[in-house]
Amino acid sequence: GSKHEKDTWLYHLTVAAGSNNVNVGSEFEQLVCKLLNIEGEPSSQIWRHPTLCHSKEGIISPLTTLPSEALQTEAIKLFKTCQLFINAAVDSPAIDYHVSLAQSALQICLTHPELQNEICCQLIKQTRRRQPQNQPGPLQGWQLLALCVGLFLPHHPFLWLLRLHLKRNADSRTEFGKYAIYCQRCVERTQQNGDREARPSRMEILSTLLRNPYHHSLPFSIPVHFMNGIYQVVGFDASTTVEEFLNTLNQDTGMRKPTQSGFALFTDDPSGRDLEHCLQGNIKICDIISKWEQASKEQQPGKWEGTRTVRLTYKNRLYFSVQARGETDREKLLLMYQTNDQIINGLFPLNKDLALEMAALLAQVEIGDFERPFSTPAGHVTNQCKTNQTLKQVIEKFYPKRYRDGSSEEQLRQLCQRLSTRWMALRGHSVADCVRIYLTVARKWPFFGAKLFLAKPVTPSALGSTFTWLAIHEDGLSLLEYNSMRLIVSYVYKSLMTFGGHQDDFMIVINNTHSKDKPTEKLLFAMAKPKILEITLLIASYINNFHQQKATFHHLSAPALLSAQTRGPEARAMGSQPLLSSSRPTKGPTLL
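Next comes the structure, spelled out in structure tokens:
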């Protein structure tokens, strides 16, 4: 259609063919090709060409060949944004100016991948000086380049140019030299783990600008919370995946890998609602933080001061009884606290006496031996108050809400009295002892480790229309009575023909092998929408795990193993959140 279009085709065909023809493409591209032909000879005069060096003025045309006029305009704007980022002094109180510049520039390059070569070339240019002796450009240019190569890399021959540029400037004695070394690390990691999906978060930009990331092999860190109220700070870099992150966490805390422990990493919901999202192993931690930050800004615009950040929790998601033998002490402790969470919220059947025994065991684990009030006349009152306070806290933290709600002062006093007797009986018991006793008692319930979902059968149904519990566990799906939590009926996963969201309800279709009149049975349950997604993904995980275990067990040949693990389309139809994607097994039921 035009000369420009012809030149664009010619340039891209030349690059695709692997030719080093120096007469095609933009001036910058031609100079890079000339350098490539002489293998980047350091003494060459080409390096001093103004197009390859820092410029105070803006550019009038893009450095790379771009397919449309709109993108060419965008490239020129991008250069201006880079100049603003580089030239404005980094001022801690007004740091958000730099945050928004970096985010807008890099977001454009994620939206239009054609601009990724362009921004890399612009930043190479702006971090090169002509005089004296090619002294590197301003530090902020290096900082933006570091953020950039943590997200994506340019293509050949610009990747060659980038590597050479970094190698020439790498120097642990100077500040920018350290950034160059850090960029080299980022390039290797981005090559290893692939491109990112989201622009850098505020946290990532601040960490890169306010301290030199060269000094830390893992420049970012975030706390991970556990069910017992403590947290562990874990380091990561721009390319760390959830799987790599959990390897570090498991090593630091003495836990097995998730395939054995069944533990998973969860985030809270950016809207502030009481929801959690389970994270898949291949997602990058930086992408999670960034997407959460963006969603939080959009959903709570008034509240956003840049201080809220994602909360990560590590807890059990899948429970495999066969793996219980290998549980580490940390896993047992966390399972105990997770069971307690179910107990206090009425998701675990136990009578008042047993509930008190369990609360006493937890008190012994968390506080140690019960301290009786001293009988000195002066200090008796204060000691008594302190003891009563401790007992009340234990009741609040470890005793089912439904058993203590509406209790009078006198009933609470008697409850504390009974608790103190049971707690005193545990004097001298170690943490490991108490955890062992607690889990031995808890595991007596056949549905220990199952995840319970409150559901209301949608009539017409043989189950009636009262609330029931749907218990999801390693052997299948069970329906439990609402109050007594007794078993109504169980379905093994093999009998599930299909499951998932159906309009506003959760649906399962059962294959009735024993009934000829009614070969299939369809059950509908009214549930909250996010819970429908959660229960569907949980069932899918158990089924996938079953097939993977079977595949490992049979020592399948490689092709057969691949077909057993082939993943189907993502469960987007179920209103999946952006942080979540799901897979389905090829055998067994399908996800709706």
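Numbering (my numbering), first residue to last: 372 to 963. Cβ coordinates follow ideal geometry from the N, Cα and C atoms, glycine included. Small disclaimer: the values here were computed from a predicted structure and weren't measured.
State the start and end residues of the unbroken alpha helix (DSSP H) segment that holds residue i.
i: residue 589; result: That residue, residue 589, is in no alpha helix (DSSP H); it is neither H nor E in DSSP.
i: residue 512; result: 510-520
i: residue 621; result: 613-624
i: residue 666; result: 656-670
i: residue 456; result: 440-458
i: residue 482; result: 467-482
i: residue 809; result: 802-813
i: residue 334; result: Given a span of 372 to 963 for the chain in the structure shown, any question on residue 334 remains unanswerable.
i: residue 380; result: 374-387
i: residue 794; result: 780-795
i: residue 574; result: 573-581
i: residue 536; result: 529-540
Does the Cβ of residue i have 16 or more other Cβ atoms within 10 Å, making it buried, or fewer, making it exposed?
i: residue 390; result: exposed
i: residue 573; result: buried
i: residue 575; result: buried
i: residue 468; result: exposed
i: residue 822; result: buried
i: residue 964; result: What the structure shows of the chain is the stretch from 372 to 963, and residue 964 is not part of that stretch, so it cannot be assessed.
i: residue 645; result: exposed
i: residue 431; result: exposed
i: residue 937; result: Any answer about residue 937 is weak, because its pLDDT of 40 lies below 50 and its placement is not dependable; what the coordinates show is given next. Exposed: under 16 other Cβ atoms inside 10 Å.
i: residue 385; result: buried
i: residue 374; result: exposed
i: residue 688; result: buried
i: residue 376; result: exposed
i: residue 705; result: buried
i: residue 875; result: exposed
i: residue 957; result: Below a pLDDT of 50, predicted positions are generally treated as unreliable, and residue 957, at 37, falls in that range; the measurement from the model is reported next regardless. So residue 957 counts as exposed.
i: residue 799; result: exposed
i: residue 320; result: Summary: the structure shown does not reach residue 320, with the chain confined to residues 372 through 963, and so no result is reported for it.
i: residue 696; result: exposed
Whole-angstrom Cβ separation of residue i and residue j, contact assumed at under 8 angstroms?
i: residue 614; j: residue 652; result: 4 angstroms
i: residue 561; j: residue 610; result: 6 angstroms
i: residue 663; j: residue 624; result: That pair is no contact at about 23 angstroms.
i: residue 735; j: residue 805; result: 5 angstroms
i: residue 485; j: residue 437; result: 6 angstroms
i: residue 532; j: residue 395; result: No, residue 532 and residue 395 are not in contact; Cβ-Cβ is about 17 angstroms, not under 8 angstroms.
i: residue 848; j: residue 879; result: 7 angstroms
i: residue 483; j: residue 445; result: 7 angstroms
i: residue 841; j: residue 896; result: 7 angstroms
i: residue 407; j: residue 415; result: At roughly 11 angstroms, the Cβ-Cβ gap does not stay under 8 angstroms, so residue 407 and residue 415 are not in contact.
i: residue 868; j: residue 891; result: 6 angstroms
i: residue 590; j: residue 603; result: Rounded, the Cβ-Cβ distance is 18 angstroms, inconsistent with contact.
i: residue 732; j: residue 765; result: Going by Cβ atoms, the distance from residue 732 to residue 765 rounds to 11 angstroms, so no, they are not a contact pair.
i: residue 633; j: residue 690; result: 5 angstroms
i: residue 839; j: residue 859; result: 7 angstroms
i: residue 698; j: residue 793; result: Residue 698 to residue 793, Cβ: 26 angstroms. No contact.
i: residue 640; j: residue 648; result: 7 angstroms
i: residue 488; j: residue 529; result: 5 angstroms
i: residue 433; j: residue 447; result: 7 angstroms
Starting from residue i, follow the beta strand (DSSP E) in both directions and report where the run begins and ends.
i: residue 977; result: Here the chain covers residues 372 to 963 and nothing more, so residue 977 does not appear.
i: residue 893; result: 891-897
i: residue 878; result: 876-882
i: residue 629; result: Note, residue 629: premise wrong, no beta strand (DSSP E); alpha helix (DSSP H) at 629-632.
i: residue 855; result: Unbroken run through residue 855: none, as it is neither H nor E.
i: residue 400; result: Element bounds for residue 400: not the beta strand (DSSP E) but the alpha helix (DSSP H), 398-408.
i: residue 647; result: 647-649
i: residue 602; result: 602-607
i: residue 840; result: 839-844
i: residue 683; result: 683-687
i: residue 868; result: 867-873
i: residue 826; result: 822-828
Going along the chain, which residues of its own chain have a beta-carbon closer than 6 angstroms to the beta-carbon of residue i, five neighbours each way excluded?
i: residue 536; result: 495
i: residue 552; result: 541, 585
i: residue 571; result: 518
i: residue 521; result: 557, 609
Going along the chain, which residues of its own chain have a beta-carbon closer than 8 angstroms to the beta-carbon of residue i, five neighbours each way excluded?
i: residue 498; result: 425, 507, 508, 509, 512, 513, 516, 536, 540, 547
Closer than 7 angstroms by C-beta to residue i: which residues in its own chain qualify, once you throw out the five before and the five after it? Chain order, please.
i: residue 379; result: 436, 438
i: residue 477; result: 518, 519, 522, 570, 571
i: residue 902; result: 824
Ranges of the alpha helix (DSSP H) found wholly within the segment 695-773, counting only runs of at least 4: 700-715, 723-737, 751-769, all fully within the segment 695-773.
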